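In this note's numbering, each residue carries its 1-based index in the sequence shown increased by 329. For every residue, glycine included, the Cβ atom is placed at its ideal position computed from N, Cα and C. Since the structure is predicted, the reported quantities are computational estimates derived from the model, not experimental observations. Only one structure is covered here, and it is reproduced in the block below.
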Amino acid sequence: MQDRNETIEKHLAHAESSYRRGAYRDARDCARLALDLCGGADVPRELQCRTLVLSAKGAYCTGAFEESLAHLDAARSLIGELTRERGAALAGEAAVVRANVLRRQGRFADALDALAAAPDDGVDPAALVERLLIEGACRFYLNDLPRAEDRLEAALGLSIHFNDARMKSRVLVMLGLVAQIKGHHEAAHEYFERAGEICRGIADYYGEAAAALNASIALYRRGYFTRAAESAERARAIFENIGWSLGACRATLSLGNVAKYRGEDLRALRRYREARRIAGRLGFARERALALEFTGDVLASRGRHVAAERCYGEALRLAEASAPEGDVVVEINRRLRELLVSLGRVDAALPFLRRALRFSQRLGDRLEEGAVLRGLAKASFLLGAPERGRNLFVRAIDTLRSAGCDFELARTHAAFAEILLGAADGRPEARGEEESDGSVLDEAWRNAVEAAHLFGGMDAESWKVAAERLAMNAAAGRERRAAAAPAVPIASRVIEIRPSPGMYLCGGFVAISVSMLEAWKQIRFAAAFDRPILVTGETGTGKELVARLIHDLSERGERPFVALNCAAVPDHLFESEFFGHRRGSFTGALLDRVGLFESACGGTLFLDEVGELTPLQQVKLLRVLQEEKIRRLGENVERPVNVRIISATNQDLEEKLSNQSFRKDFFYRINAEHIHVPPLRDRREDIVPLAAHFLASESSGPKPVVKVELAALRSLQRYAWPGNVRELMAVLERARHIASGGVIAVDMLPERIKTASCAGEPAPNARCERVADPVERLRRALEACGGNKSAAARWLGISRGTLYKELRRCGLRDLANGRACASG
C-alpha cells in the first residue's frame, strides 16, 4: 500500500513539473495515472484530493472543461474531511482552477463568484498572483477596465516581488490587451514581446504561444499581415504540440482574420469553419461565437447579406448566453448594425450604434469608438444629413489616427471616399446644400489617396488596389469637370482653398506627406513611453510643436509643459535657471526662486537648441537626469523631481561628438528616442494644406474659405523655403494683410518667391492646360518635367503610383519602365 501511495506521489510530482513548463498533455496523462491508483479506500483523503485537483488542472489545460469541473466537484466533497489548514489550501487551489475553467468558457461573472468563495487562509504567493490575474482578466472581458487594470498592476508587482517569471509573463500579456483597448498598439506589442522573451527563457511553451497569439492580433490590426500570420502559425504549432486546444482554436481564428483582411475570402472561411468545429466539439462558446461573427464579416463583404445577418444573429445568441455583458456581445452588435446600415435599414441600427458609442467612450476602447463613429457617419449620409455625416467621419478618422489603428483608419478614409463619390454621381442625399460636384470630388479624391497611402504601407494589396480604384474614379471625375469648364488664363485663375479633415493628424498638426506621416507614427510611439526624446530638424520646421504633441498625447498631458531655449541662458545664471535658488545665495537673489525642473515636475521639460549647452552645463544636467534630484543654489537639501526631457536641435550633434564639443554620455541620455522633422522643401505636398490652415484660421465664419490665385500657389510650391514653416507663415501673414479679405495674388508675394524655380519642374507657362488626349497629356507632362515622374505626377495632380498605372493603361509601357520619351 505504501508503494502505491509513493507511485501516486511520483505521478503527481511529474504532472506538476509538466504543468509548470507548459507540457499540458503530459501533465494530464500523469494525473490520470495517479487518479487510476486512487480507487482504494486506504488511499489518504488528502492524497485523493490533491490528485483530483491536479487532474482537474490537467483536464482544464487540455480544453476538457466539463471533465475538469467534474473532478473539482468530486474533490469538493472530500475537502471537508481534511484538517482546516490543508482543506483551506486545497480549496483555494481548486477555486483557482474552477475560476480558470469558467473564464475560458466565457462565464466571467461565475468565475468571479468562484474566486470570491475561495478561502483566504494559507494562500501561497503564486496562488495570490494567479487570483489577481484571473480577476483582472474577467474584469477586462466584462468591460470593467479600471478595476481590471488595478488588479493586473497589483499582480505584476507581486510577480516581480516574488520573482515569479511565469506569472509575470501571463500578467504582461493581459496588460498588453489593456494597452491595445486603450489604443496604445505599439506598447501592447512591446508587452507581448517581453512576455514571449520571458517564456522562451524559462521554457514555458504555453506562455510563449499565448504571447505570440496576442502579438499576431496586434499586428494584423495595424496592417502587418505577413508578420501576423507567422506569429499565429507559431502559436498554433506550439498549442497543438502541448495539447492546449483552446489556444489552437484561437490561433486558427487569428489566421482566418489575416486571410480575411488580405482579401483571401475562401481561405478565411475555411479557417473559421475549422475553428467552429474545434469550438463546438470542446464547448468553447466564446470562440464559436467569434468564428460565426468573422464568417459574417466575409459573407457581408461578398454581398451575401442575408447569410451574414444570420451568422451575426447566431453569434449574438451564443455570446449573450455565455457572457451577456461581455466584449463579444458589444462587438457583434456593432457589426450587425453596420450591416443593417449598408442595407438601408438605418432605423433598426441607429439606437444601438448610439448606445455602443457611449459604451466604447466610457470603456476607452478607441478602435471600437472609431468603428462605431464610422457606422453612424454612414447612417447620417443615408438619412440625408451630409454635414452630420462628414463631422462623424472626421471624428472617426481623428479617433482612429490618435489610437494608431492604421488599418481601420484606412478603411474609414476609403468608406468616406466611396460615399462622396456616390454623392458626385447623383445621390443628392450625400451632398450639402452649398456643395458642388467639384468640391465633393476633391474631398473624395483626397480621402481615397490617403486610404491608398495607408494601405500601401501595410501588407494589404487588395485593399490598396480598391482604394486606388476609388482615387482614379475621383480623378477621372475631376478631369471631366475641368474639361467641361471654360478655359481661363493661368495667370488670372483663382481657386478656393479650405482646410480638409484629412490634413489634420492631431489638433493643429497639419501634414499629408509620407515623411511627416512617418514622423507622426514616431510621435505616437514616443508618447506611449516615458523615455527622453531628441527632436532634430532645421530652424522653423516645428520641433517645439512635435514636443508639445508628444507631451499632450502622453500620460503627462495634464501636467506642465515647460520650454526653454538653451542658447538664451547665460552661463552665470544656468544653475539658478534650472535648479532654482534660495534668497541671499548670490548678489541680487532677493527672493526664493523655483527652477525649471521643479516647475515642470510631473510634466515635460523641453530643451530647445540643446546643442548650445557647454560641456560643463551638460555635466550638471546629466547628474540630475541620472539621480532625478536637484539642489537649489544656497541649499543643502536635495529635492526629488519627476520630469520627462524632450530636447531639440538644428545642429549635427554627431559632428559635435566627433570634435568633443558635446559629451557622449549626455547625448545618449537625451537620445533614447530620435524623431527627425524634415524640411519643407522635402515635403512640398504639405505646402498647400499648411497654407489652407494658416489662412483659414484667420478667416471668419463657420466654413473658412480663402481665394488664392493659382499662380501664387505654384510660386509657393516652387520656392525652397530655407526658413521652413516659420517663413511660410510670415509670407502668408503678409499676403493676407495686403489682400484685406480679397484674393491673394501672385504680386502680393515677395520677389524672391515669385522668381524662384523648383529644380526639375517646369515654369507654369510651359504646361499645356487643355489637352483632351490623355496620351498626349502624359507625354507633354513628362517632357516638360525632363522625365522626372515624381514631378510629372505632382504637376498632373495625381500620385506617382497612379501615373504609372495611367502610363500602362495608355500603352506607354516604355515610359512607365523608365525609358526616355520622344518628343511628340
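{"Asked": "Coil, strand or helix - N965 by DSSP", "Found": "coil"}
{"Asked": "Proximity below 8 Å, CB of P1008 to CB of N1053", "Found": "yes"}
{"Asked": "Sequence-distant residues of its chain with Cβ nearer than 8 Å to F554 (five each side left out)", "Found": "L548, V587, Y590, R591, M787, D788, A789"}
{"Asked": "Minimum C-alpha distance to A539 - residue among R550, G1071, R563, I531", "Found": "R563"}
{"Asked": "Candidates E904, E667, V939: closest to A918 by CA position", "Found": "E904"}
{"Asked": "CB-CB length for D937 against L902, believed under 8 Å", "Found": "About 17 Å separates the two Cβ atoms, so there is no contact after all."}
{"Asked": "Residue ranges of each beta strand (DSSP E) within the segment 866-899, 3 or longer", "Found": "890-894"}
{"Asked": "Straight-line Cα distance separating D439 from C528", "Found": "29 Å"}
{"Asked": "Within 8 Å, strictly: CB atoms of V891 and A929", "Found": "yes"}
{"Asked": "Limits of the beta strand (DSSP E) - the one that S976 falls within", "Found": "973-978"}
{"Asked": "Close beta carbons around I337, own chain, < 8 Å, minus the five adjacent residues each side", "Found": "A363, L366, C367, V372, L376, T380"}
{"Asked": "For E603, the first and last residue of its enclosing alpha helix (DSSP H)", "Found": "594-611"}
{"Asked": "Host alpha helix (DSSP H) of E569 (start-end)", "Found": "554-571"}
{"Asked": "Cβ shell of G718 (< 6 Å), same chain only, five flanking positions each side left out", "Found": "A706, S709, F710"}
{"Asked": "Nearest-angstrom beta carbon gap, A796 and A780 [assumed within contact, 8 Å]", "Found": "4 Å"}
{"Asked": "Segments assigned alpha helix (DSSP H), at least 4 residues, entirely inside the segment 494-551", "Found": "494-510, 514-530, 534-550"}
{"Asked": "Validate contact between the segment 982-998 and the segment 939-947 using beta carbons, cut 8 Å, 3 pairs", "Found": "yes"}
{"Asked": "Own chain partners of L462 with C-beta closer than 8 Å, once the 5 adjacent residues on each side are dropped", "Found": "R480, L481, A484, M496, R499, V500, M503"}
{"Asked": "Burial state of P715 (16 or more Cβ within 10 Å)", "Found": "buried"}
{"Asked": "Span of the beta strand (DSSP E), counted from its first residue to its last, around E1002", "Found": "1002-1005"}
{"Asked": "Any non-hydrogen atom of the ligand COA closer than 7 Å to A840 Cβ", "Found": "By its list of ligands, the structure shown contains no ligand whatsoever, and the ligand COA lies outside what it can speak to."}
{"Asked": "Cβ-based neighbour list, R468, same chain, cut-off 6 Å, excluding 5 preceding and 5 following", "Found": "R476, A477"}
{"Asked": "4 or more residues per run - each alpha helix (DSSP H) lying fully within the segment 407-439", "Found": "413-433"}
{"Asked": "Counterpart residues of L936 in DSSP-defined beta bridges", "Found": "L893, S976"}
{"Asked": "Segment limits, alpha helix (DSSP H) that includes I852", "Found": "843-856"}
{"Asked": "Pairwise C-alpha distance: E422 and L487", "Found": "18 Å"}
{"Asked": "Close beta carbons around G530, own chain, < 8 Å, minus the five adjacent residues each side", "Found": "A494"}
{"Asked": "Residue range of the unbroken alpha helix (DSSP H) whose run includes I463", "Found": "454-470"}
{"Asked": "Assumed close pair E698, E660 - CB separation to whole angstroms, cut-off 8 Å", "Found": "Their Cβ separation, rounded to whole angstroms, is 12 Å, which puts E698 and E660 out of contact at 8 Å."}
{"Asked": "Burial state of L920 (16 or more Cβ within 10 Å)", "Found": "exposed"}
{"Asked": "Run of the beta strand (DSSP E) containing V1037, from where it starts to where it stops", "Found": "1035-1038"}
{"Asked": "L863 - DSSP class collapsed to helix/strand/coil", "Found": "strand"}
{"Asked": "Unbroken alpha helix (DSSP H) run spanning V723, endpoints", "Found": "715-732"}
{"Asked": "Simplified DSSP state of V839, which is helix, strand or coil", "Found": "strand"}
{"Asked": "Through-space distance from I1082 to D771, alpha-carbon basis", "Found": "27 Å"}
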